[in-house]
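Here is the structure we will look at.
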Amino acid sequence: MLICIVEIAVALLLLPIISARSPVSNRSLPRKVANWVVGQTVNTTSGPVTGHPASNTTEVSEYLGIPYAKPPVSDLRWQRPVAYTGTAPINGTAFGFACMQAHPSLEAEHALGVYYNLTRGGYYVGPDILLPNAPQNEDCLTLNIWTQPQNGEASKAVLIWIHGGSYAAGSSSEIWFNGQSMAGEQDVVLVSINYRLNIFGFPGNPTSELNLGILDQRMAIEWVRDNIANFGGDPNRIVMFGQSAGAAAADLHSYAYAHDPIASGYILQSGTAWGFGLQTQPAAADLWYDAARAVGCDRGPDDPDETFSCMLRVPSGKLITRLPPVPYGYTPGLPYGPVVDGKLVFANYQERTPAARAVLVGNTNDESGMSKQLTPWWSGLPSWYWQVQNIYVYTCPAGQRAAVNVAKGNPTWRYRWFGAFPNVLLPWTPYNGSWHGSELPLLFNTAPEYYYPNTARENQMGAYIRGAWAAFAKDPIRGLNSYDSWSNYRPDGTTLVRLAYGKPQRNGTWPEFTIGPGQAYDQDC
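For the sequence shown, the residue numbers in mature numbering (1 follows the signal peptide of the UniProt record, and there is no 0) are -20 to -1, 1 to 505.
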């Protein structure tokens, strides 16, 4: 990151709020793991991993950069992931490499004193916030674990985080996604994963696998299933959650692996399989040959094998700098991303049946606020453009995905995030409050405080949503009912959970949520 983020502990004033929520568990479990030492060596299929205490929550064991697949380099570039197995000790005290990605430079803007992507709290959004906080390399297929087996349940619910970034950028090492607060506060195991991005993960080569990034994610999930018990996790209570492209990817898994989902539930934040444009194979092939042409490897469609052989020899740093730019703002039809192949990614999600699993799905109230902020050259676009993006890329797909899950008889909840707090507001455009991703620093307890400290309301909502997400993970069937009497979603009812919405009550406290009709936001769907 280009700036230093000051992470915070949970405010003492929130302890009554947290403890007032009902503890959620779907069965009686033994407490604690006897004699656990923070950061102790844990045996895994990848080898023995030694961690260390997390930086702020020192009772949490942090294991970073654990390889789950062999490095996809040399002849393994653009091949299906191969499971990593070994017996050599693994130093789990530093993040692994971030996967290869390109970032537009902001030096020109900064030289002019223009900070279009700076929040009032000093947080960079978009190109800066997606900087992975780790050097880049093709050898990037690693995951991270935060756990506290010596306290709470001996076999804890597991949350697997899939980062967003238009399938082109981002990393599990981003400062926003540090899992120590969630693990320490909510008695869960938090896992975050890397997966191949852009042309390395979704190459479009017509003679090879198209959706390597999705296959990487699946292998990471299988690794968690096979190893998480040794970290105090419950392999039968694994919930996948993600935001934006990460949420869409999690949802792709719910359809691609409907009969063997591994996950017991899905939390989809501002992204579904329905909402983001998917590439066709001809369009993806055009991108592949465009990239090959840019690095001098295009041998024409009559000799795809020679083109592929040449591309294997191109240094990753050269290749990544020749790719077409990806606009930040998450628009349909992203240049590199999932390609319809009829095996993992489909063209007819409306006609398909997802895994019979619980789903918590939703979006923010002003998704397009980030796009407006990030790209000053888009400032001339009419207001209806942003309304269309908000409705048809995020709101309608969330409602449709929720309705499908309800129709299939699966437990379903739908939310809408309204939180807008001083240190995460985007200041240079008209009010854009709850922009795309604005809930993440509260969810992970990583909001910056050095310009604008967290407000009491912000701390309240951060603790509340962390508790809600953990309640769902612990018991996807009834957890949210027990946590705070959330009603199961009904498309024709008043059951949409509006988070951080409402006015102060007479006693001066704020409600964490109110209930509203989903139809109020779905009128244009």
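Just so you know, even glycine gets a beta-carbon here, dropped at the ideal spot from N, CA and C.
Remember, predicted model here, so these are calculated numbers, not experimental data.
Is the Cβ-Cβ distance between residue i and residue j less than 8 angstroms?
| i | j | result |
| --- | --- | --- |
| His233 | Met220 | yes |
| residue 512 | Pro52 | Since the first residue of the chain shown is -20 and the last is 505, residue 512 is not available in this structure. |
| Phe211 | Val22 | yes |
| Asp346 | Trp415 | yes |
| Glu42 | Trp126 | yes |
| Gly442 | Asn425 | yes |
| Asn370 | Val339 | no |
| Leu177 | Ala137 | no |
| Ile242 | Ile208 | no |
| Pro377 | Thr252 | yes |
| Ala264 | Gly184 | yes |
| Gly349 | Leu406 | yes |
| Leu303 | Ile179 | yes |
| residue 506 | Gly255 | One cannot answer for residue 506 here, as it falls past the ends of the chain, which runs -20 to 505. |
Taking only the alpha-carbon atoms, compute the straight-line gap between residue i and residue j and give it to the nearest angstrom.
| i | j | result |
| --- | --- | --- |
| Gly226 | Arg198 | 13 angstroms |
| Ala82 | Thr301 | 6 angstroms |
| Ser296 | Ile457 | 45 angstroms |
| Gln259 | Glu189 | 14 angstroms |
| Cys120 | His32 | 21 angstroms |
| Gly496 | Ser467 | 11 angstroms |
| Tyr104 | Pro281 | Any answer about Tyr104 is weak, because its pLDDT of 44 lies below 50 and its placement is not dependable; what the coordinates show is given next. Answer to the nearest angstrom: the Cα atoms are 42 angstroms apart. |
| Ser26 | Glu133 | 25 angstroms |
| Gln503 | Pro284 | 48 angstroms |
| Val169 | Val404 | 27 angstroms |
| Asn191 | Asn328 | 17 angstroms |
| Val29 | Thr65 | 12 angstroms |
| Met333 | Trp16 | For the record, residue 333 in the displayed sequence is Thr; it is not Met. Near 42 angstroms, if we compare the C-alpha coordinates of Trp16 and Thr333. |
| residue 508 | Thr344 | The structure shown has nothing for residue 508, since the chain only spans -20 to 505. |
| Glu419 | Trp397 | 7 angstroms |
| Ser152 | Asp321 | 27 angstroms |
| Ala272 | Phe182 | 14 angstroms |
| Cys505 | Tyr374 | 11 angstroms |
| Trp58 | Met80 | 13 angstroms |
| residue 514 | Pro318 | Because the chain here runs from -20 to 505, residue 514 falls outside it and cannot be looked at. |
Keeping to the same chain, check which residues put their C-beta closer than 8 angstroms to that of residue i; ignore five residues upstream and five downstream.
| i | result |
| --- | --- |
| Asp55 | Leu292 |
| Gly482 | Trp490, Pro491, Phe493 and Thr494 |
| Leu460 | Leu340, Trp393, Ala448, Ala451, Phe452 and Trp466 |
| Gln485 | Pro491 |
| Arg337 | Ser234, Pro241, Ala243, Ser244, Gly245, Tyr246, Asn390 and Pro456 |
| Gly379 | Arg394, Pro471, Gly498, Tyr501, Asp502 and Cys505 |
Counting along the chain, where does the alpha helix (DSSP H) carrying residue i start and finish?
| i | result |
| --- | --- |
| Ile242 | Where Ile242 is concerned, there is no enclosing alpha helix (DSSP H), given that its DSSP letter is neither H nor E. |
| Trp268 | Gln261 to Ala274 |
| Lys298 | Ser296 to Thr301 |
| Leu139 | That residue, Leu139, is in no alpha helix (DSSP H); its beta strand (DSSP E) goes Lys136 to Ile142. |
| Thr287 | Pro284 to Leu292 |
For residue i, collect the residues of the same chain with a Cβ closer than 6 angstroms to its Cβ; drop the 5 residues on either side in sequence, then sort them by chain order.
| i | result |
| --- | --- |
| Trp203 | Tyr48 |
| Asn117 | Phe77 |
| Pro61 | Ala49, Leu195, Asp196 and Met199 |
| Asn124 | Leu44, Ser152 and Ser172 |
| Trp364 | none |
Note the first and the last residue of the continuous beta strand (DSSP E) segment covering residue i.
| i | result |
| --- | --- |
| Phe493 | Phe493 to Gly496 |
| Glu419 | No beta strand (DSSP E) holds Glu419; DSSP gives it neither H nor E. |
| residue 511 | Beyond the ends of the chain as shown, which are -20 and 505, falls residue 511; an answer cannot be given. |
| Thr344 | Ala338 to Thr344 |
| Arg396 | Thr392 to Trp397 |
| Leu123 | Thr122 to Thr127 |
Among the residues of its own chain, which have a CB less than 7 angstroms from the CB of residue i, if the five just before and after it don't count?
| i | result |
| --- | --- |
| Phe157 | Trp141, His143, Ser172 and Phe424 |
| Leu422 | Gly399, Glu438, Met441, Gly442 and Ile445 |
| Phe326 | Tyr235, Val320 and Arg332 |
For a cutoff of 8 angstroms on Cβ pairs, would you count residue i as touching chain C?
| i | result |
| --- | --- |
| Phe401 | Judged by its chain identifiers, the structure shown contains no chain C, having just a single protein chain. |
Going along the chain, which unbroken runs of the alpha helix (DSSP H) with 4 or more residues stay wholly within the stretch 356 to 380?
-> Fully contained in the stretch 356 to 380 are the following alpha helix (DSSP H) runs of length 4 or more, in chain order: 363 to 369.
Starting from the N-terminal side, write out each stretch of the beta strand (DSSP E) that is 3 residues or longer and does not extend beyond the stretch 152 to 240.
-> Taking only runs of at least 3 residues, the beta strand (DSSP E) segments lying wholly in the stretch 152 to 240 are 169 to 173 and 213 to 223.
Inside the stretch 422 to 486 only - beta strand (DSSP E) runs reaching at least 3 residues | Complete beta strand (DSSP E) runs here, min 3: 476 to 479.
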